[in-house]
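These protein sequence lines map, in sequence, to chains X and C. Counting from 1 along the first sequence, just add 357 to a position and that's the residue number in this note's numbering. Counting from 1 along the second sequence, just add 11 to a position and that's the residue number in this note's numbering. What follows is one structure encoded as structure tokens, with my remarks underneath.
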Amino acid sequence: AAGVIQSPRHLIKEKRETATLKCYPIPRHDTVYWYQQGPGQDPQFLISFYEKMQSDKGSIPDRFSAQQFSDYHSELNMSSLELGDSALYFCASSLKEGRANYGYTFGSGTRLTVV
Amino acid sequence: KNEVEQSPQNLTAQEGEFITINCSYSVGISALHWLQQHPGGGIVSLFMLSSGKKKHGRLIATINIQEKHSSLHITASHPRDSAVYICAVSNSGGGADGLTFGKGTHLIIQP
Chain X
358 AAGVIQSPRH LIKEKRETAT LKCYPIPRHD TVYWYQQGPG QDPQFLISFY EKMQSDKGSI
418 PDRFSAQQFS DYHSELNMSS LELGDSALYF CASSLKEGRA NYGYTFGSGT RLTVV
Chain C
12 KNEVEQSPQN LTAQEGEFIT INCSYSVGIS ALHWLQQHPG GGIVSLFMLS SGKKKHGRLI
72 ATINIQEKHS SLHITASHPR DSAVYICAVS NSGGGADGLT FGKGTHLIIQ P
């Protein structure tokens, strides 16, 4: 079965550079979530999108932005990268029906290293 | 903001033992997730439940909404079960809310 696809798997950037992470949800899923997990930390919610509109916002820095496109894939854009942005970035997708979310599935993550 | 507490933080057991990991939360939720993460690896969703009990192979998850408590059980544990098990909750708003995660339980099953 198709899973949530994230690209790239690994990314190395220098300070002050920009990075773009991509997430392709499970087919027919309409909701995408982004999470950040620093070394030895539990994941933190960044932002979510439902039907291409921002739905919920967590601890996403102002230097980051994200969007969901017409094909439901999402991109997380990160600018002016800092050493502290080094983390594993997870994407998840689900199908929202009423108040419930079905099929909540995580991608394998993109490991970003800022040097 | 929901507070999610897991116990124990660390657990080492012998192969074959019955394992229980507990999770409690402070505010009403729409769903609770049990997740598995291997060192340096991605997150795998084990269960998503909003009431009752679910079973998948050797894994069983239960939730008590009134007590705001959930448990994950592993029967006949095996070294390949060694991983971090994370409890995460969705708020009861019913939107595309992000999950709030517990700190995780580091489980080691020794042969």
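Heads up, the beta-carbon is just placed ideally off N, CA and C, and yes, glycines get one too. Predicted model, so just to flag it, every value in this text is computed and none were measured.
Check                                                                                                                                                                     : Outcome
In terms of residues, what are the limits of the beta strand (DSSP E) holding Y459/X?                                                                                     : 457-463
Does F112/C come within less than 8 Å of chain X when only Cβ atoms are used?                                                                                             : yes
Excluding the five sequence neighbours on either side, which residues of its own chain have a C-beta within less than 7 Å of the C-beta of F112/C, listed in chain order? : V15, I97, A99
Which full runs of the beta strand (DSSP E) of 3+ residues lie inside the region 22-46 of chain C, going along the chain?                                                 : 30-36
Using beta-carbon positions only, say whether G63/C and I71/C come within less than 8 Å of one another.                                                                   : no
Going by DSSP, name the residue or residues bridged to A72/C.                                                                                                             : K65/C, L83/C
When the Cβ atoms of the region 429-439 of chain X are set against those of the region 367-375 of chain X, are three or more pairs found closer than 8 Å?                 : yes
Anything in chain X within Cβ reach of S18/C, meaning under 7 Å, just list it in chain order.                                                                             : Within chain X, no residue comes near S18/C; the closest Cβ sits about 15 Å away, beyond 7 Å.
Can you give the Cα-Cα distance for G27/C and A94/C, rounded to whole angstroms?                                                                                          : 16 Å
In the DSSP assignment, what are the bridge partners of F426/X?                                                                                                           : Paired residue(s): none; F426/X is not in a bridge.
When DSSP labels each residue in this structure, what does D442/X get in the three-state scheme?                                                                          : helix
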